[in-house]
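Residue numbers (UniProt numbering): 1 to 593.
All C-beta atoms in this analysis are idealised placements derived from N, C-alpha and C, irrespective of residue type, glycine included.
Only one structure is covered here, and it is reproduced in the block below.
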Ligand code: GCB
């Protein structure tokens, strides 16, 4: 599924704003088929946004089940093509009705929902659009979870990951007009030789057009740089401007399809960058140059909005990333919005693109040792069904992001239970699957502290080692000397065993902004800085370490827990994006590298 972009043949109406809203608090909506008529009541909800922090009623905040959204939509009278409804995401499942008739659905909360509603609407007329968003997570969803019926009959959502289960229409909703014969996919791969860029493309249409014209355009001013034709082929860019970390450098591949009479059928512009990514020995190369990752594991998370996208908030985050000297980030722990990824492409921000496969680990809960609840890889926990959903989800992510130059690696899971042999059976086919879908990027996953070198059973299957470690915090609390010792010993062991590049994808300490101590006590700003310095000394001493992404960019909301004070406080910035002392420290280190 291509990211929809306006073109000579594709038009768009953004449907963001205030929608009618009905949270199905008593779970009767399905039996009553409430989508058949206008939603009851007069409540409204903002789109895009998470539902949870907008209302004062705690039953809405903690509701487990369906939320209904509705609005009237006018199909422009001039639209005589296919009409497509597209939401950037609906967390975690969506069902869509037009005038009370079901037209489509989508499972998976962090990737687009696209439904062709042509046969159900009339140009020039208004229709009633209803979307149900289901926030429930199950054993076979990605991420997994469990809905538990409580003694009083209410439902509780359990899940094993460390961020609040925000729900809603999180990203823009839009109505699109698209030609009936249309480009539905294009794959672009690039390389270069000397100063010449080589661009290969392969385009798929709903129906073969009579001819296809290809143009390479400069993304900045749409000037034509090269031309070619056909559904697949190669075109050269003389004096190529390589896509470069910290700079960017985008081109567009404009694909135009014509019928026998030479009439334009469809036109789409796909942004791309010319760059090469490779892993060689213990190095990660971008355009042949060793790349050292600085930055963070992030979250889509803000006050009021929850996981709702806002361009203004996103821009502020990117400004802070630039200010602090971060050249990269990981989309922990799910795919981020199209807008976010577009910005990374445009500005040369290096992305480790992560799936929503988080919490596949019965031995921990949110980074912390959990209770004894049984094996991870067992029927009813993580099993064949989970793996099947995981596989589809990887395919959808690659489909969405495969042409993005910012994406230099796939992270197919966060902290699964890889201390047990069954993990290999689960992950080997997924690694192979990922490589079969995209042979151009390395594949990784982030390894949990409880599956260190010598215990972990899967890391040799992957190209790069990504480690999340909390020595000095969850283990050896406050003993930074010991933390350094254990960390160094482990990193050297990995280095000797695998000879692969290592990126430290998480390390951090909860820190309450404004709490100070001359004794470096945990939770103080001074301790967070001391903790970072201790880790950095080790990174600088181990050659295989080719990156540091501190946990986390900013404080973020989580479910309740005694180790969570209104959320996770490991941010370098507070939740409202004020720098802690750690931010100043990181800025000093990363801007002078
Ligand atoms: C982890 C998880 C991350 C948590 C973090 C923590 O290992 O990957 O989602 O938020 O630990 O702070 O406990």
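When the five nearest sequence neighbours on each side are left out, the beta carbons in the same chain lying within less than 6 angstroms of the beta carbon of residue 414 are those of 333, 358, 446, in order along the chain.
Of all C-beta pairs linking the region 459 to 467 to the region 372 to 390, fewer than three are shorter than 8 angstroms, placing the two stretches out of contact.
DSSP places residue 29 in the uninterrupted alpha helix (DSSP H) bounded by 29 to 32. Inter-residue distance for residue 433 and residue 94 is about 26 angstroms (C-alpha atoms, whole angstroms). Residues 469, 471, 535, 538 of the same chain have their beta carbon placed closer than 7 angstroms to that of residue 487, with the five preceding and five following residues left out of the count. Distances from the alpha-carbon of residue 163 to those of 584, 570, 577 put 570 closest. Not one heavy atom of the ligand GCB sits closer than 7 angstroms to the Cβ of residue 361.
The beta carbons of residue 248 and residue 125 sit about 43 angstroms from each other, so the pair does not count as a contact at 8 angstroms. Taken through DSSP and simplified to helix, strand or coil, residue 125 comes out as coil. Under the three-state reduction of DSSP output, residue 205 falls in the strand class.
Distances from the CB of residue 570 to the heavy atoms of the ligand GCB include at least one below 7 angstroms. Non-local C-beta neighbours of residue 239 in its own chain, meaning closer than 7 angstroms and more than five positions away in sequence, comprise 195, ordered along the chain. Looking at the DSSP output, residue 473 sits in no beta bridge, so it has no partner there. DSSP places residue 20 in no alpha helix (DSSP H) but in the uninterrupted beta strand (DSSP E) bounded by 17 to 23. Per the DSSP secondary-structure output, residue 87 pairs in a beta bridge with 113, 173. Rounded to whole angstroms, the Cβ separation of residue 91 and residue 267 is 32 angstroms, and the two are not in contact under 8 angstroms. Collapsing the DSSP output to three states places residue 97 in a strand. When the beta-carbon positions are compared, residue 491 and residue 448 stay at least 8 angstroms from each other.
In the three-state reduction of the DSSP assignment, residue 350 falls in the strand class, which pools E and B. DSSP, read as helix, strand or coil, puts residue 459 in helix.
By the 16-neighbour rule on beta-carbons within 10 angstroms, residue 560 is exposed. Within the DSSP bridge table, the entry for residue 330 names 297, 352 as partners. Judged by their CB atoms, residue 483 and residue 305 are not nearer to each other than the 8 angstroms cut-off. Taking 7 angstroms as the cut-off, one finds at least one heavy atom of the ligand GCB near enough to the beta carbon of residue 161. For residue 401, the enclosing alpha helix (DSSP H) covers residues 384 to 401. Judged by their CB atoms, residue 501 and residue 283 are nearer to each other than the 8 angstroms cut-off. Of the candidates 32, 11, 167, the residue whose Cα lies closest to the Cα of residue 557 is 167. Around residue 185, the same chain offers 1, 2, 203, 204, 399 as residues with beta carbons nearer than 8 angstroms, after the five sequence neighbours per side are excluded. Minimum Cα-Cα distance from residue 314 among the listed residues 293, 338, 291 corresponds to 338.
Taking the Cα positions, residue 159 is about 8 angstroms away from residue 165. The beta carbon of residue 391 lies closer than 7 angstroms to those of 430, 433 in the same chain, with the five residues before and after it left out. C-alpha of residue 35 to C-alpha of residue 232: approximately 44 angstroms in a straight line.
Under the three-state reduction of DSSP output, residue 550 falls in the strand class. Secondary structure at residue 527: helix, using DSSP grouped into helix, strand and coil. Approximately 6 angstroms separates the beta-carbon atoms of residue 17 and residue 47; this is inside 8 angstroms, confirming the contact. When distances are taken from the beta-carbon of residue 333 to the heavy atoms of the ligand GCB, the shortest one is below 7 angstroms.
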